[in-house]
Each structure stands twice: as structure tokens, then as C-alpha cells.
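**Q**
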Amino acid sequence: MLLQSYRIPKATQTYADTLVAIGMADLFSTWLEEEGMVIREVIIKDENDAYELLLNPAIDLEKARSVKLLPGYPYIKYKKNDSAPYGIEVIDYELEREKEAIYRDFDKIIKKTSKNKKTQIIPKEKRPDPPRNDIQLLKDFNSLRMGSNGYNSLLLILLEREDIAEIVAKRIKKISNQDLEKGLSAANLQLFSPISGKGVHRSKPDGVGLGGLSDQVVDWFDEWMKYRAMHIAMSSYRVGEDTKILVMAPGEINISALKLVREELLKQSLWGSLRLEINAVLGIAEILIVNSEVLAGSEGRIKIRQRRPQEIIKGISTAYFKSLGTGKALMNVSFLGLPGWFPVNTRDDAEAWLDIISEHRQCINTLNEEHSGDIPLLQEYRNFVSSGSLNDFLMFTTDYATHIMQRLTQNEWVAQLSITNLRRLFMAYNLKTIIENEGFQNIARAIRRATVNAQYRKASGTQVFEIHYGLAQEWKRKVKFQDQFVIALSDFVQKYNAENARHAEQKKERRESISDKDLDEVLELINKNGSELVGMLLLAYGYAKEEKSKEEN
1 MLLQSYRIPK ATQTYADTLV AIGMADLFST WLEEEGMVIR EVIIKDENDA YELLLNPAID
61 LEKARSVKLL PGYPYIKYKK NDSAPYGIEV IDYELEREKE AIYRDFDKII KKTSKNKKTQ
121 IIPKEKRPDP PRNDIQLLKD FNSLRMGSNG YNSLLLILLE REDIAEIVAK RIKKISNQDL
181 EKGLSAANLQ LFSPISGKGV HRSKPDGVGL GGLSDQVVDW FDEWMKYRAM HIAMSSYRVG
241 EDTKILVMAP GEINISALKL VREELLKQSL WGSLRLEINA VLGIAEILIV NSEVLAGSEG
301 RIKIRQRRPQ EIIKGISTAY FKSLGTGKAL MNVSFLGLPG WFPVNTRDDA EAWLDIISEH
361 RQCINTLNEE HSGDIPLLQE YRNFVSSGSL NDFLMFTTDY ATHIMQRLTQ NEWVAQLSIT
421 NLRRLFMAYN LKTIIENEGF QNIARAIRRA TVNAQYRKAS GTQVFEIHYG LAQEWKRKVK
481 FQDQFVIALS DFVQKYNAEN ARHAEQKKER RESISDKDLD EVLELINKNG SELVGMLLLA
541 YGYAKEEKSK EEN
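The sequence shown runs 1 to 553 under the UniProt record's numbering.
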């Protein structure tokens, strides 16, 4: 029997299904029928109600059933005096913890002494070895396993048994294996089965899950696949005393590329809670593009041409474990999608994606989750990056406009979105007729001069024009009602032009006024597209930064 594809139903509608699919893809990719055979490519494809694994070349199950199958995941040696099996990867947990402590102390010293400009650069060979990139996952796994040794116990059983390949082949053929599977068992760990416990809530529901799973219904094979997948698609982060687990959910990606993405993601410094999730999905999108054939040519390991990042990796599943002192309880599971703003067809598309991601990250990283006023902004952007909803993005840009003015008023630096990257995004939403309209652009420029630019000039002591404080808040309230917004827009234009006229009379510095034609064009856009869309687009453009050569007053 040749196995070219294999379907795995989403039985729990949680990341447990994802882990099983990834583990099986890894198993199939390394299950060789004979010595010296090239490792096969296995693509994991999300088919909504199931994952489909596509194998190239196919597996000849009759030949493969006689091959020795290895566990496919590392043994974790928790204590120095513990014995460990030979012939497979062994993680020395205590040694990695020691490396982490030494490296952390070294890093503190470097940061402290780096303030001294005379500090010499320490040669690489004199620096301590850093711990593994997945040390946090290992620590949290150790904590969440609650003393269970199921992970290592199953590995040792798999090493001892010579008939594992035959058992797996029969499972695939749906042939009863009860006699052969005697002695094979696994513990149910909540880390791998996020529905097997109390206190489960979904901030963003990702499906209807089953009830609590008892130990009696745990399938040793599924747990084996989850153990393999833990080292391929899972990462862990501390949120204060709590723990947040992330699992990448494939859209359509081969197993080797998925491993690469995780390796690169673990190199990134991610922290926070909302900010952690946002930077994780943006980081994954960035990794996919940087390592694609579009940018890296023949060395690119990820095929992205004519696709969007979310088609390759659908998003991340998250589980939040609350610290209760003596243990941790699962409080929340959710799903956050990857962005899919526009397809990557050319090198220019890829570079545009990277520019947008970099710019958005800059803005997000100026927000502080400890400030209550910043949390709604992070939530709005989180909603946008996951859903791709234009309205979510415009809600963010409108509230971010207020944030910009608050920071500038306090003489603090703040990141801004750029006209260039806003245009790239809005073009993907078929907004060309609005954003390229001359009247729209002129009024947006006037907003910029009357708010952000005027505030910058005040800080530099060169302010000559009035600053229109509160414009974004006022317009946000009124854009839902066309008659009210038209009055507010007309009032802004009248005041802006009146100030220009006074400056002209007094022979002071002047700026271009808003013409009747400009206002008429925007009013026509409002009649065709609605005041909410046009008004929020004006605010997005108005509080964005232009190229320096175009910035005036």
C-alpha cells in the first residue's frame, strides 16, 4: 500500500489537533523504507474540518513496517545523576538552567558597563554559552507536567519496542492493534490538551471543544505525536508569574519550513501579553517573507509567491495558564490569525510587506500594557491583524492619532504610520478612488499641518499656527452621523482658511488653503462611500507622516 496523503480530523477543535497533525507530518517525513533514502517532503494543509498531509514521495507501508522507528523527540534529563538513553538527543535540563543563569548575569554586567564608552568589546570566545532558545518552553513544560514522567517514559518504551513501525502501519490502515499495543500508554497533560481541564474561556472563540478528557481516553499515539510537535511548533513565554503557550497553526506548509519558522521565532525577543501575541504573528509573517523564494531566491525555503502569509501559516493558538502559587490553571484559549493584506507576487511586494511590518511594530512597541489608555489600542490592532478588517484598522489609526498628540504634547517621541505604507495597505482594500482624490489629499495634508506638524513646531519653538487639539476624538464621535460630520468637516475647513487669511493680511508665514473644489470633492466621496469610511481615512492620512520633502509647516 502506497500512502500519498493522510487525513487527520479536528476532533477537539483546539491546538491539540494541530499538534497531532504536525507530529504525524514529522513522523512521515523521517519514516524511511530503506537506508540512505532521501527524507521526504510532507506538506501540512488545513482543510477546515481536518488536516491533510501530502507526502512526496509516498510511503510504501509494506516496506516501511519493518523499519525501526525512533521516538523523534529529545529525552529530557531533569537531574544530573539521571541515566539517559544513547543514540538520541538528550537535553540536560539542569545544565541548560545553569547556562541561563550565567548568561543572564553576564548580560546584566554588559548592560551596566555598556554605559561607559570606554568599555571594550568582549571577544566571542570569552562570552558564556547561551542556553537553548527554547529554554522557557522546557521550564514551563517541567512546571506544567505536574510531576508526570509520561514524556520520558513513552520515549523509553518506543526505544525498546521493535514493532512500532508495524503498529503505526496498522493504525494507518485502520487494522485492529489491541494485542500489539499492549504496554503502550501515555499521560494526559493539559499543556497538550487545552480542553482537558476547568477554567477554559475563549476571548476569540476558535470552535466548539469537547468536555474534560479523562486519562482513560488518552491515546498514546496522539500523545506521542504531540511530544514530537512540541519541538516543532510550540513556544512559551512568561507573562508576570503566568505562562502563555503559542502553537503555530499551518495553513499550507511543509514540515521542514515549519521547523525553520519556529527556530527563527525563538530568536526574537517577545514579551508582554497583547503585545506578545501581536509581535509573534507579525514576526512569523516577517520570517515567512524573509526566507521565501521571492526574496532569498534559490536559497529560499518557503514558497510564498502568489500567496499571503496567512495562507502558509494560518495563525497562532494560545493558551494562558494562571499561576496559583502551587500550580497553574488554564484560564483562556484563543486563536490569532496571521495577516493576509495582499499577496506576495514580486520582490517589491515582499519589501512592502517588510516595511509595513517594521512600521507597525514600531508603533505597537511604543504602547505600554501597564497604561490603561494604551490597552484599547493594542486590542484594536490585535483585532485588525487577526481579522484583516478595515474597520478594525481604522479604529486603531483613529485612536492612535489621539495617542500621537498626547505623546507630542508631553514632548515624548512617538512612532507614526507613513503615508507610503498606508497607501500600500489601503490599495489592497480597493480604496484607490478615495485616497488618490486630490481634494482628499489636500484636506488630509491640512489636518496634518494643523495637528501633528503644528505640535512639532511648538516643541521646536517655531509655532505660528493654531494647534487643533481634540480633532481626532471629535471626528470619531461624529463620523457615524453624516450630517454632523459634514458640519464638523466644514467647520475645520472654515477655521483653517480663516487663519490663513489672517496670516496673509498680517504678512506672516502662509500655507496653502483648502479650496472649495477640495471640499466639494470630499463631500462627493462622503455621499458615495459614507461619512464613517471617508472621515476615518482622512484621520488616518492626516496624522500620518509624509516624506520630508513634502512636509510643510
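Cβ coordinates follow ideal geometry from the N, Cα and C atoms, glycine included.
#1: According to DSSP, simplified to helix, strand and coil, what is ARG423?
#2: When DSSP builds the beta bridges, which residues end up paired with LEU239?
#3: Just list the residues that DSSP pairs THR402 with in beta bridges.
#4: By DSSP's criteria, ASP46 is part of a beta bridge. Which residues make up the other side?
#5: Report the CB separation of ALA50 from LYS80 in whole angstroms; it is logged as a contact under 8 Å.
#6: Apart from the five residues on each side of it in sequence, which residues of its chain come closer than 6 Å, Cβ to Cβ, to GLY542?
#7: Which residue from VAL464, LEU525 and SER193 puts its Cα closest to that of PHE485?
#8: By how many angstroms is the C-alpha of GLN379 removed from the C-alpha of ALA280?
#9: Is the Cβ-Cβ distance between ASN152 and TYR73 less than 8 Å?
#10: Reducing DSSP to helix, strand and coil, say where GLU252 ends up.
#11: In the DSSP assignment, find the alpha helix (DSSP H) that holds ASP105 and state where it starts and stops.
#12: Decide if ASP46 is buried, meaning its Cβ has at least 16 other Cβ atoms within 10 Å, or exposed.
#13: For SER214, count the other beta carbons within 10 Å of its own beta carbon; 16 or more makes it buried, fewer makes it exposed. Which is it?
#14: Among the candidates TRP271, ARG305, LYS432 and VAL344, whose CA atom is the shortest distance from the CA of GLU370?
#15: Rounded to a whole number of angstroms, what is the C-alpha to C-alpha distance between GLY373 and ALA472?
#16: Mind reading off the beta-carbon distance from SER292 to ALA233? Whole number of angstroms is fine, and I expect it under 8 Å.
#17: Which residues in the same chain as SER418 place their Cβ atom closer than 7 Å to its Cβ, once the five residues preceding and following it in sequence are excluded?
#18: In the DSSP assignment, the alpha helix (DSSP H) including LYS226 goes from what residue to what residue?
#19: For a test of the three-state rule: what should DSSP assign to SER323, helix, strand or coil?
#20: Just to confirm the assignment, what range does the alpha helix (DSSP H) spanning ARG7 have?
#21: Please report the Cβ distance between ALA186 and GLU160, rounded to the nearest whole angstrom; I am assuming they are in contact, meaning their Cβ atoms lie under 8 Å.
#22: Can you check which of these residues, THR243, VAL239, PHE192 and GLY251, is closest to VAL218 by C-alpha distance?
#23: Could you give the DSSP three-state label for MET24: helix, strand or coil?
#24: Which residues in the same chain have their Cβ closer than 7 Å to the Cβ of ALA169, if we skip the five residues on either side of it in sequence?
#25: Please return the same chain residues whose Cβ sits closer than 7 Å to the Cβ of ALA504, not counting the five positions on each side in sequence.
#26: List the DSSP bridge partners of ALA84.
#27: Within the continuous alpha helix (DSSP H) that includes PHE440, where are the two ends?
**A** Concretely, from the data shown:
#1: helix
#2: Note on residue identity: the sequence assigns Val, not Leu, to residue 239. In the DSSP output, where bridge partners are listed per residue, VAL239 has ASP242.
#3: DSSP output for THR402 lists no bridge partner at all.
#4: TYR51
#5: The pair is not a contact, with the Cβ atoms about 44 Å apart (cut-off 8 Å).
#6: ALA444, ILE447 and ARG448
#7: LEU525
#8: 15 Å
#9: no
#10: strand
#11: 93 to 113
#12: buried
#13: Confidence at SER214 is low in this model, with a pLDDT of 39, below 50, so the placement of that residue should be treated as unreliable; the coordinate-derived value is given next. With fewer than 16 other Cβ atoms within 10 Å, it is exposed.
#14: TRP271
#15: 15 Å
#16: That belief does not hold up - the Cβ atoms of SER292 and ALA233 are roughly 19 Å apart, past 8 Å.
#17: GLU359, ALA544 and LYS545
#18: 220 to 233
#19: strand
#20: Taken as a continuous stretch (DSSP letters only), ARG7 belongs to no alpha helix (DSSP H), being part of the beta strand (DSSP E) at 2 to 9.
#21: ALA186 to GLU160, Cβ: 15 Å. No contact.
#22: PHE192
#23: helix
#24: LEU61, ALA64 and ARG65
#25: ARG510
#26: ALA84 pairs with nothing; no bridge assigned.
#27: 438 to 450
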